[in-house]
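In this note's numbering, the protein residues as written are 740 to 1200.
Have a look at this one:
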């Protein structure tokens, strides 16, 4: 009598191994919510172990906006060394897989993975692969090396990755198609059995739910982060509004007494002998009153809603006027100026007075940081953003801005000066926002660079 028990035992062992693999995979999916790590674990698990079921695996994710399947990852047998078993033993039901960041980086750097990641497959229902996997959510098995499928864009894209006989299974979560996993056996050319296909469907079912959960978690994290940012901006805005209102009230209360004190001090200054001690005292009072009046003017300018008179402005003329106003500061501080305006007009729509305030503030700031001399460069050029803009760059050699302070310099009431309100750059930023412009600051060379962009005005031919 023939012994027929061995094949049955072999088949039972295989089923037991597959069930253990699925259970281990389930433990693994519960161990991480990182989508990137999850995809690496999913594909690596399919081709790893003492008796791997498949020899190569690829992941394509569906982009619903562009209606394409985007290649995300491809794993080959020579890039699975980083998969480790965490638990009592490899066969223990409590064990799970893990993979290091270094191993994931190695997998992404392989030639095959790079080819997969640049593959984009259009979702075309005429293709049997797309129709079965994406539209009907069914497994597709191509059991022949090539049935003339190169004429089909989707199948041709898979074949061009060096794939011969392959199976593609949909990634599903609550009947939503997220993409597909493609597997093959390029080394041994072993046919994919019906049991292997059944296992692949069970495996992909768990993988799809895990990927969907990870994506939902990431969306919740993003939403929570956006809510936190919005809350902080709201609280910051409320604090600024309260500070601004209080500052405006104080400024109004202080303005009249300061004007009176300044007026009487000015009269005393004219009446006292130039060389007398009292003259020096009066001169100090006048200068300090002038400084305080400027601070109050800044506070009032920031606290009140600005009125903008939009007119045609030639930015080159505004910049030349600013440089003329800065001539004394440049000369007193021994600062060399290099200005280049491009040799043609730069028409913008805006308030000439406010735009002059922007550039005068930036130029005077540059002079202040170089009391012992240096260089200022003012350059104008055209840049293309959403449309044509003019960019004005003001660069100095004053040592730059410390990296920790750089993100804060446009915040109201933030200052590094011993004397000042910290409103100069905040006012500059607000004026530019009202003119649909931008301002950026960066450290370059021996100093700081401020770049202002404004929309160019379209003139009739």
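Ideal placement from N, C-alpha and C gives every residue a C-beta, glycine not left out.
For this session: Answer with buried or exposed for residue 926, where buried requires no fewer than 16 other C-beta atoms within 10 angstroms of its C-beta.
Result: Looking at its Cβ environment, which holds fewer than 16 other Cβ atoms inside 10 Å, residue 926 is exposed.
For this session: Quick one: measure Cβ to Cβ for residue 783 and residue 822, integer angstroms, because I've assumed they're closer than 8 Å.
Result: Going by Cβ atoms, the distance from residue 783 to residue 822 rounds to 5 Å, so yes, they are a contact pair.
Exercise. Would you call residue 1135 buried or exposed, if buried means 16 or more other Cβ atoms sit within 10 Å of its Cβ?
Worked result: With 16 or more other Cβ atoms inside 10 Å of its own Cβ, residue 1135 counts as buried.
Exercise. Using CA coordinates, which residue listed in 938, 972 and 834 is at the minimum distance from residue 766?
Worked result: From the listed residues 938, 972 and 834, the smallest Cα separation to residue 766 is found for 834.
Problem set entry | Spatial distance of residue 1066 from residue 1133 (CA atoms) | Whole-angstrom Cα-Cα distance: 16 Å.
Exercise. Can you tell which of 1179, 1034 and 967 has the C-alpha that lies nearest to the C-alpha of residue 993?
Worked result: Measuring from the Cα of residue 993, the nearest candidate turns out to be 1034.
Exercise. Grouping DSSP H, G and I as helix and E and B as strand, with all else coil, what is residue 1108?
Worked result: In this structure, residue 1108 counts as coil in the three-state DSSP scheme.
Exercise. Contact check, residue 936 vs residue 906 under 8 Å by CB: the rounded distance?
Worked result: So it is a contact: roughly 6 Å between Cβ atoms.
For this session: Along the beta strand (DSSP E) that carries residue 918, what are the first and last residues, could you check?
Result: Boundaries of the beta strand (DSSP E) harbouring residue 918: 915-923, taken from the DSSP string.
For this session: Starting from residue 1174, trace the alpha helix (DSSP H) both ways and give me its first and last residue.
Result: If you look at residue 1174, you'll find it isn't in any alpha helix (DSSP H); DSSP assigns it neither H nor E.
For this session: Count the C-beta pairs between the segment 1139-1153 and the segment 1084-1100 that are closer than 8 Å, then say yes if the count reaches three, no if not.
Result: Output reads no: the segment 1084-1100 does not touch the segment 1139-1153.
Exercise. Would a C-beta distance cut-off of 7 Å place residue 764 and residue 815 closer than the cut-off?
Worked result: No; because the gap between Cβ atoms is not below 7 Å, this pair is not in contact.
Problem set entry | Helix, strand or coil at residue 1101 [DSSP, three-state] | DSSP, reduced to helix, strand and coil, places residue 1101 within a helical segment of the structure shown.
For this session: Give me the Cα-Cα distance between residue 1185 and residue 1168, rounded to the nearest whole angstrom.
Result: Taking the straight line from one Cα to the other gives about 24 Å.
Exercise. What distance in whole Å lies between the Cβ atoms of residue 896 and residue 849, which are believed to be in contact at a cut-off of 8 Å?
Worked result: At roughly 19 Å, the Cβ-Cβ gap does not stay under 8 Å, so residue 849 and residue 896 are not in contact.
For this session: Please specify which runs of the beta strand (DSSP E), each continuous and at least 3 residues long, are wholly inside the segment 841-922, giving them in chain order.
Result: Listed in chain order, they are 859-861, 879-881 and 905-912.
Exercise. Tell me, which residues are paired with residue 1189 by DSSP?
Worked result: Bridge partners of residue 1189: 1133 and 1180.
Problem set entry | Three-way DSSP call (helix, strand, coil) for residue 816 in this model | In this structure, DSSP gives residue 816 a helical state, which the three-state scheme calls helix.
For this session: Give the straight-line distance between the Cα atoms of residue 845 and residue 839, rounded to the nearest whole angstrom.
Result: Rounded to whole angstroms, residue 845 to residue 839 spans 10 Å at the Cα level.
Problem set entry | Span separating the alpha-carbon of residue 955 from that of residue 853 | Taking the straight line from one Cα to the other gives about 27 Å.
For this session: In angstroms with no decimal places, state the Cα-to-Cα distance between residue 747 and residue 932.
Result: Any reading at residue 747 needs caution, since the residue's pLDDT is 44, under 50, leaving its predicted position unreliable; the model's value is listed next. Cα-Cα distance, rounded: 16 Å.
Problem set entry | Neighbourhood of residue 947 by C-beta, 8 Å cutoff - its chain only, sequence neighbours within 5 removed | Excluding positions up to five away in sequence, the list reads 909, 910, 911, 912 and 917.
Problem set entry | Rounded distance between the beta-carbons of residue 957 and residue 774, thought under 8 Å | Taking a contact as a CB-CB distance under 8 Å, the pair residue 774 and residue 957 counts as one, their CB atoms being some 6 Å apart.
Exercise. Is residue 928 helix, strand or coil by DSSP?
Worked result: Of the three classes helix, strand and coil, the one that applies to residue 928 here is coil, per DSSP.
Problem set entry | Alpha-carbon to alpha-carbon, residue 866 and residue 889 | Caution is warranted here: a pLDDT of 49 is assigned to residue 889, below 50, making its placement in the model unreliable, and the coordinate value is therefore given only provisionally. Taking the Cα positions, residue 889 is about 11 Å away from residue 866.
Problem set entry | Under 7 Å between C-beta atoms of residue 1129 and residue 1193 | Their beta carbons are under 7 Å apart, which means residue 1129 touches residue 1193 by this criterion.
Exercise. In its own chain, which residues sit with a C-beta less than 6 Å from the C-beta of residue 1024, not counting the 5 before and 5 after it?
Worked result: Answer for residue 1024: 1004, listed in chain order.
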